[in-house]
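Q:
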Amino acid sequence: MLVKIAFSLISMWLGISLFYTAFITPAAFKAIPQDKVGEFLGLTFPAFYRLGIFLFLVSAILFFFEGVYISAFLSVIGTAFMIFAEFLRGQIRKVRAKLVENPSDKDLRENFFNLHRFSAYSNFTSIISALLIVLFQIIG
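So the number in the numbering used here is just where the residue sits in the sequence shown, counting from 1, plus 1020.
In structure tokens:
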């Protein structure tokens, strides 16, 4: 029973994450002026990351108690990468504030894009973790 709940939570995260990543974020870049899209995403990403942390963490605990250790391990990986993405979000905000003050600073701009890249990698890794959990639950 706990495995089904954990599987449902991970499946929910996978759906939310894919929808947010594939549809909401690109639509925001198309619909919102370039100088305001960061504010919108800055308001939505905290809820997105915290939801991911919660769902992965609860799933890890449920999988662990049911002895489904591979899925528990993948849930821990998903949790870790969501926490890392949340940490990066704070760093991105700090660098962005400095970049607003000094938009011509190439080092700040490079740091800003590197942080964004690592944030995207973290999100991608959490999606892969969730996908692997779903596949393992379906296959075996």
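We put the beta carbon where it would ideally sit given N, CA and C, even for glycine.
Can you give, in chain order, each stretch of the alpha helix (DSSP H) that sits fully within the region 1050-1104 and has at least 4 residues?
A: Qualifying alpha helix (DSSP H) stretches, in chain order: 1054-1085.
Q: Out of curiosity, what's the CA-to-CA distance linking residue 1092 and residue 1099?
A: Cα to Cα, residue 1092 sits roughly 10 Å from residue 1099.
Q: Helix, strand or coil for residue 1124, going by three-state DSSP, please let me know.
A: Residue 1124: coil per DSSP, three-state reduction.
Q: May I ask which residues mark the beginning and end of the alpha helix (DSSP H) holding residue 1026?
A: Run containing residue 1026: 1022-1039, per the alpha helix (DSSP H) assignment.
Q: According to DSSP, is residue 1160 helix, strand or coil?
A: Coil at residue 1160, not helix or strand.
Q: Could you give the distance in angstroms between the alpha-carbon of residue 1056 and the alpha-carbon of residue 1084?
A: Whole-angstrom Cα-Cα distance: 42 Å.
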